[in-house]
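Input: a single structure, listed below in structure tokens.
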Amino acid sequence: MKVSDVMRSALELGACNQSGKATDWKSLCWLFFTPQGREFCENNNFPSIEIFRNMKPNVEKYGVYVDAGDIQLKNNVNIGIIGDTDAMLEYDDNTVVHKIILMHGAKATIKASNYSVINLTNVNNCQVTIINDGTAKVLC
């Protein structure tokens, strides 16, 4: 699968023309985590699980985990948890806003502390458990 194939599908669903500027996997993943990208993907349930599975070899290094099984991550700024992935995510870094996107049945446990800020996009009610020490802010 090529980036141009993914972008063509997104444009057919009404993605803005600026989306066409994604020319490689890194820029495509960057778009995924923008406010407009998160909104578009949530509203259109896009990309499909089939598209994600075809993209899998190219996107994990940019924070998008597809059918990754059990994973544990700490303080990653941009994380996509997709499909058959069960993530234990820990956040105590309060210097950035952390963005998490869950899609296609993914599961996550999010441990938030030390005034960290997390922007969570949960597409189609994926299973999420949030453990907050009372100082963190989780925006849904």
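Position one of the sequence shown corresponds to residue 352 (the working numbering), numbered consecutively onward.
Glycine residues also receive a C-beta, built at the ideal position from the N, C-alpha and C atoms.
These numbers come from a predicted model, not from an experiment.
Beta-carbon gap between residue i and residue j smaller than 8 Å
{"i": "residue 416", "j": "residue 432", "result": "yes"}
{"i": "residue 407", "j": "residue 437", "result": "no"}
{"i": "residue 434", "j": "residue 456", "result": "yes"}
{"i": "residue 405", "j": "residue 474", "result": "no"}
{"i": "residue 480", "j": "residue 465", "result": "no"}
{"i": "residue 355", "j": "residue 402", "result": "no"}
{"i": "residue 483", "j": "residue 463", "result": "yes"}
{"i": "residue 358", "j": "residue 371", "result": "yes"}
{"i": "residue 391", "j": "residue 373", "result": "no"}
Reference residue i; option with closest CA among the options
{"i": "residue 452", "options": "446, 359, 372 and 387", "result": "387"}
{"i": "residue 425", "options": "379, 363 and 450", "result": "450"}
{"i": "residue 428", "options": "404, 464, 448 and 471", "result": "448"}
{"i": "residue 461", "options": "357, 469 and 405", "result": "469"}
{"i": "residue 380", "options": "399, 410 and 366", "result": "410"}
{"i": "residue 362", "options": "398, 376, 384 and 377", "result": "398"}
{"i": "residue 389", "options": "489, 471 and 478", "result": "471"}
{"i": "residue 444", "options": "423, 467 and 454", "result": "467"}
{"i": "residue 454", "options": "376, 446, 430 and 377", "result": "430"}
{"i": "residue 339", "options": "400, 394 and 489", "result": "What the structure shows of the chain is the stretch from 352 to 491, and residue 339 is not part of that stretch, so it cannot be assessed."}
The alpha helix (DSSP H) enclosing residue i, as first and last residue numbers
{"i": "residue 410", "result": "400-410"}
{"i": "residue 395", "result": "386-395"}
Assigned secondary structure, residue i (DSSP; H/G/I helix, E/B strand, else coil)
{"i": "residue 356", "result": "helix"}
{"i": "residue 420", "result": "strand"}
{"i": "residue 364", "result": "coil"}
{"i": "residue 485", "result": "coil"}
Start-to-end residues for the beta strand (DSSP E) that takes in residue i
{"i": "residue 438", "result": "436-442"}
{"i": "residue 429", "result": "429-433"}
Neighbour flag for residue i against chain B, beta carbons, 8 Å
{"i": "residue 379", "result": "The structure shown contains no chain B; it holds only a single protein chain."}
**Q.** Any alpha helix (DSSP H) of 4 or more consecutive residues that is wholly inside the region 440-482
**A.** none
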